[in-house]
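Engineer: Protein chains in written order, with the working numbering: chain L, 619 to 914; chain E, 619 to 914; chain D, 7 to 378; chain R, 7 to 378.
What follows is the structure, encoded as structure tokens:
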């Protein structure tokens, strides 16, 4: 089993005829993802990887049952593509675009809430359940990272995720489903909002979150654990602890979060609910073992 | 009984300190309307007609239970005032403003739908249940028009309503509730959307609609009757039958309505479901009698 | 407010939409230089606000200079008092598309309407084959999304290059719709030329009157009105139309005024003018009567039944107007509504005989008009 | 992109918000004429992008010309390489208000934040007395509605006249937030003067980097950067920070780069520069190395673990860069990810010794830096 995507999930690809779109569609299918069609305006009637291409999501849903849409669309057209998918009734959307304008990302998240839809991204590699299916741009064939197993992974990073996941694998674990929520200040969906799915997934025995400084997403995770909404072992890795502070967001960042969001806050919050915070990627595996997470 | 408003309906008045606001608040209360407070930014602490004034609807709802808001606000500020009332959770709003920009009226109606609220107006005198309560600017003391009775009246006009209602009264009837849906191309609520309330109001024995050329609101009424959603006798009056056509809305008007909307269409549609269409105001009363509507 | 074709096209061009080469002329002398710019054949297009110009002979294709001179001369002498004529290049047309944005009052959305069978018979098509007109609702909070423009453009079975241009045009035209607070913006026909370009063959742009306070670019000018009375009424914001009949209407409330208009016709009378001084204009009795007196009529009929437009205020205004203007024709008054009693006193004290029933007032006016 | 105070204030002024009288100077010679315009006392304000300028002595109140000259002279010689100083009138202050617009990532709204206890201690206030800061969510589809601006402005217990001005200012500042695609726009303090006027005492405006493609008015200039390397990196859009340590980082992925930064510190090393050439920059190995070589360092550490940023492409880029630039210091490579095998071949063929474990690579770099 897995969360968000499995081999029954019928996926369409918006921007399928582009370079990235066709390349990763091939790899998604190769992994076993049930991609049913693609969308590029003006290309209706063409085929990509044997899949039919449509001018619009509307045309695609008229011909296919579609559960999820994978976007390979440039950042400045992402809001439009998301709205198109939502408008066609699609409830799971993954966008890897890096560079979505902030105010548009706010509107995207709002629209997703309004439609009871889940948007993963932007600025992410997407979602993968190793050896099963993926929506995004993962080199799923790298066994050192994408090994099937029982650890749910959520991350805000790209390369760092590979680094950390490789350590999880090195420790003898594997991954149930990895969700890259994305590195943007306003991701479509937040860590805490996926916990429920991992909680209900029998295959997932523990969750690793790969966070960042800034924001309060780790604190939100701690709150969910405190509420009892998530009961499985959880290990977090936070990079950038010794890094000098970058440009500060005026006073506003601190005011929005009511002063929360520092590394110390995050560690305190997570430790306070029994979650462990790893200092180095290597320790993530060690801590999973410490928490008694089985390897099979 | 009545629809939309009675003496239990707790009303606030937005723009209460203005000339129109204070004048009609007095008359609303004099009729028996349960006005509980008023709103004008910057005037909190003042009183109008013995009622407290607040800076915002938010402040008002913090102190009072409020069911409905009456707006005496200029047209260009109406959208804002409506949004304020909706935001504060008020579900019945009446605006008499004449001159609300068209695109804003579209947004107002959309917002009302989103909030499950009812907006009456703009460009209307409001809603009145004679001898009981009103939200709007009706000279309720003119017995020749505002006589209590069992005829529900809905209208798009102002002076013409008085003309027609006076004829209904002259014929020996009276009015249960009169709703001026307003003369704008996009009213907040349409004739057909009020029929259900009149249907369920035991006091209302028949409904009179005072329509206009253009649009398809009368056809919508006919559809409701055809569906069986409204079963009481109905008489319509349509003015302007011999008037030369005004500036036409390009082809678009006809295309939007699929060619419907002419006087002939309206008459055919209404007659087809047993409703009568009066040629002159005087005949409205006659037709009510013909349909066997009792006078008590 | 409805713009002239040449104004609408100017707006389209500013929005990035292609329009035919054209020159606006105000007399026949300007034709020669216009033809030099535009070339032949050309189309001579009267700038009037009414529809159906082609069928009415107000838009004429002219292959030669002689025909262009003849038609332009004819049109400048036309009864409609045509003030401006657009001399426009004749475009090589492959196809005609219909494109419009308006609002949908039922669903509370904007509406994009498109048909590949554009042209003069579009209304007929709307009735007989409504499925040939695509209607795309637009959430005005977001505006027309590019995906919607794309979805509609690519659904029409046009060549890809044309679809691509059409998508862009939809977005440009939507901007006009929004920026100009339009009730309607329409291009019919939108030409697809032989070389696959899109050119606006005609243009309608109606600005919402309620938004005119913030739409200041285009204003009505005196030359836009047929009579001095119409122009003066427009300056006051008083709805007014002039006809050829006997009875000048000076009523309050659009619905009531048109009803009185109906009643006059039912009773065999004729109307000299429609004037509606209700709503925000109810204190403008003096100006209203001044305008009515500029129109040839045999009697002035005043019917009101106002609520906010108070009867006493209107009655006093009428009495003041009579004193000041000393009208040369009889006046029939039927004034009811808020403070009716005071109104009656005022009218009576000025020697007027108030009537309370509209039909009676109408009959009285007709009698007076017929000199009975 | 963060604007300087003087730029932010220029934006505010264009939006209709009052700012103090001021003159921007670029050297001490311009002070005299600036003082003639601004008058005395005045405030000498260094235009730097870091916060806490007052506490750092970068903003100074100067009652006399002598002090103004002394402070300006001092600041232009400051280590921070201050290029511009704003000479600003000293305003008579009755009260200081905090006003900001930003986004709320959780609720997916805009956010108006206001406190009547503005000034330098606002962050502290946010922690200790959060109820003193009003937060009003804004639906970005509708924008800040006037009623919200009014509701907040009149809830602060200020005199009515000030509330009225504040409401207007909220709407003006929201327009700035929207028009400039701002992550943050902040006025702290907003002065209420003795005669009840509102004047922006300071100004922060951070434009969302993802929106810079459509925000073309303000661009970074070479003088905005401390070093040539930083400027060059910025031109390429490569995230880069220069430090004083030994190890030049050339890594891909922000998270991984900061993690490597952490690991170096955990292991006792020091960092010469942060350079992140992942994401859209993964083909820019040549330029990245060129920049790294401009920074004094003892070793360059390259760590990647890319997916879309393919290992083989980066490895080839690194090998090409080494050939072309012939670096004067050792290079440690730890390159993993998509097409890792090909990458390893490429690196080996160029005589590099690939490492696969990040901690091992970090330790190796530290050894080399320490000359062990």
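Backbone N, C-alpha and C define an ideal beta-carbon position, used for all residues, glycine too. On a predicted model such as this, the values are computed, not experimentally measured, just so you know.
Would you tell me roughly how many angstroms separate the C-alpha atoms of residue 274 of chain D and residue 257 of chain D, rounded to the nearest one?
Structural biologist: About 19 Å.
Engineer: In chain order, which beta strand (DSSP E) runs of at least 3 residues are fully inside the stretch 161–187 of chain R?
Structural biologist: Qualifying beta strand (DSSP E) stretches: none in this window.
Engineer: Hey, could you find the ends of the alpha helix (DSSP H) residue 701 of chain E is sitting in?
Structural biologist: Where residue 701 of chain E is concerned, the enclosing alpha helix (DSSP H) stretches over 696–705.
Engineer: Strictly below 8 Å CB to CB, what residues from chain D border residue 699 of chain L?
Structural biologist: Within chain D, the residues near residue 699 of chain L are 153.
Engineer: Could you check whether the Cβ of residue 170 of chain D sits closer than 8 Å to any Cβ belonging to chain L?
Structural biologist: True, the Cβ-Cβ gap to chain L drops below 8 Å.
Engineer: For residue 337 of chain D, which residues from the same chain have a beta carbon less than 6 Å from its beta carbon, with the 5 sequence-adjacent residues on both sides left out?
Structural biologist: Closer than 6 Å at Cβ, skipping near neighbours: 306.
Engineer: Would you be able to state if there are at least three C-beta pairs under 8 Å between the stretch 663–673 of chain E and the stretch 688–696 of chain E?
Structural biologist: Contact fails: fewer than three Cβ-Cβ distances are below 8 Å.
Engineer: Between which residues of its own chain and residue 899 of chain E is the CB-CB distance below 7 Å, once the five residues before and five after are set aside?
Structural biologist: Only 781, 782, 785, 855 meet the Cβ criterion.
Engineer: So, residue 206 of chain D versus residue 196 of chain D, is the Cβ gap smaller than 8 Å?
Structural biologist: A contact, by the Cβ cut-off of 8 Å.
Engineer: Check the Cβ-Cβ distances between residue 346 of chain R and every residue of chain L, and say whether any is below 8 Å.
Structural biologist: Yes, residue 346 of chain R counts as interfacial toward chain L.
Engineer: State the CB to CB distance for the pair residue 10 of chain D and residue 107 of chain D, rounded to an integer number of angstroms; the pair is presumed to be in contact (CB under 8 Å).
Structural biologist: Rounded, the Cβ-Cβ distance is 19 Å, inconsistent with contact.
Engineer: Using only the alpha-carbon positions, how far apart do residue 360 of chain D and residue 309 of chain D sit?
Structural biologist: If you take the alpha carbons of residue 360 of chain D and residue 309 of chain D, they lie about 10 Å apart.
Engineer: Less than 8 Å separating the beta-carbons of residue 674 of chain E and residue 148 of chain R?
Structural biologist: No; because the gap between Cβ atoms is not below 8 Å, this pair is not in contact.
Engineer: Please go through the same chain and pick out, in chain order, the residues whose beta-carbon is closer than 6 Å to the beta-carbon of residue 260 of chain R, but skip the five residues on each side of it.
Structural biologist: Taken in chain order, the residues that qualify are 282.
Engineer: Kindly say whether residue 756 of chain E, judged by its beta-carbon, lies nearer than 8 Å to any beta-carbon of chain D.
Structural biologist: Output row for residue 756 of chain E: interface = yes.
Engineer: Is residue 26 of chain D near residue 97 of chain D, with beta carbons less than 8 Å apart?
Structural biologist: Yes, Cβ-Cβ distance for residue 26 of chain D and residue 97 of chain D is below 8 Å.
Engineer: Around the Cβ of residue 250 of chain R, are there at least 16 other Cβ atoms within 10 angstroms (buried) or fewer (exposed)?
Structural biologist: Classification for residue 250 of chain R: exposed.
Engineer: As an exercise, report each continuous alpha helix (DSSP H) stretch of at least 4 residues that is fully enclosed by the stretch 756–808 of chain L, in chain order.
Structural biologist: You should have 777–788.
Engineer: Between residue 844 of chain E and residue 807 of chain L, what straight-line distance do the alpha-carbon atoms span, to the nearest angstrom?
Structural biologist: Their Cα atoms are separated by approximately 47 Å.
Engineer: Quick one: does residue 866 of chain L have its CB under 8 Å from some CB of chain D?
Structural biologist: Here residue 866 of chain L scores only 41 on pLDDT, less than 50, and its place in the model is too uncertain to base an answer on.
Engineer: If you draw a straight line from the alpha carbon of residue 866 of chain L to that of residue 59 of chain R, how long is it in whole angstroms?
Structural biologist: Residue placement at residue 866 of chain L is poorly supported in this model, since its pLDDT is 41, which falls under 50; the coordinates are not used for a value here.
Engineer: Measuring CB atoms only, is the stretch 187–201 of chain R touching the stretch 101–121 of chain R, in the sense that at least three cross pairs come out at less than 8 Å?
Structural biologist: Counting Cβ pairs under 8 Å, three or more are found: they touch.
Engineer: Can you list the beta strand (DSSP E) stretches of 3 or more residues lying completely in the stretch 59–105 of chain D, in chain order?
Structural biologist: Fully enclosed beta strand (DSSP E) runs of 3 or longer: 65–68, 91–95.
Engineer: Under 7 Å, CB to CB, which of the residues in the stretch 177–194 of chain R have a partner in chain E?
Structural biologist: If the cut-off is 7 Å between Cβ atoms, the stretch 177–194 of chain R has nothing near chain E.
Engineer: Please report how far the alpha carbon of residue 736 of chain L lies from the alpha carbon of residue 709 of chain L, in whole angstroms.
Structural biologist: Cα-Cα distance, rounded: 6 Å.
Engineer: What's the call for residue 220 of chain D, buried or exposed, on a 16-neighbour Cβ count within 10 Å?
Structural biologist: When all chains shown are included, residue 220 of chain D counts as exposed.
Engineer: Which residues in chain E sit within 8 Å of residue 166 of chain R, going by Cβ to Cβ distance?
Structural biologist: Neighbours of residue 166 of chain R on chain E, chain order: 660.
Engineer: Quick one, which residues of the stretch 731–745 of chain E are near chain R if we go by CB-CB under 9 Å, in chain order?
Structural biologist: Those residues of the stretch 731–745 of chain E that come within reach of chain R (Cβ to Cβ, closer than 9 Å) do not exist; the list is empty.
Engineer: Could you check whether the Cβ of residue 157 of chain D sits closer than 8 Å to any Cβ belonging to chain L?
Structural biologist: It does; some Cβ of chain L falls within 8 Å.
Engineer: Looking at C-beta atoms only, is the number of pairs between the stretch 314–321 of chain R and the stretch 341–351 of chain R that lie closer than 8 Å three or more?
Structural biologist: Judged by Cβ distances under 8 Å, the stretch 314–321 of chain R makes contact with the stretch 341–351 of chain R, as three or more pairs qualify.
Engineer: Start and end of the alpha helix (DSSP H) containing residue 152 of chain R?
Structural biologist: Unbroken alpha helix (DSSP H) run through residue 152 of chain R: 152–159.
Engineer: For residue 265 of chain D, count neighbouring Cβ atoms within 10 angstroms of its own Cβ and tell me buried if that reaches 16, exposed if not.
Structural biologist: When all chains shown are included, residue 265 of chain D counts as buried.
Engineer: Please list, in chain order, all residues of the same chain as residue 358 of chain R whose beta carbon is under 6 Å from its beta carbon, the five residues on each side excluded.
Structural biologist: Cβ within range, chain order: 339.
Engineer: Excluding the 5 residues preceding and the 5 following residue 851 of chain E in the sequence, name in chain order all residues of the same chain whose CB lies nearer than 6 Å to its CB.
Structural biologist: Around residue 851 of chain E: 824, 909, 911.
Engineer: Which first and last residues belong to the alpha helix (DSSP H) in which residue 905 of chain L is found?
Structural biologist: Start and end: 899–908.
Engineer: For residue 776 of chain E, go through chain D and note every residue whose CB falls closer than 9 Å to its CB, in chain order.
Structural biologist: Simply 258, 259, 260, 261, 262, 284, 285, 311, 312, 313, 314, 315.
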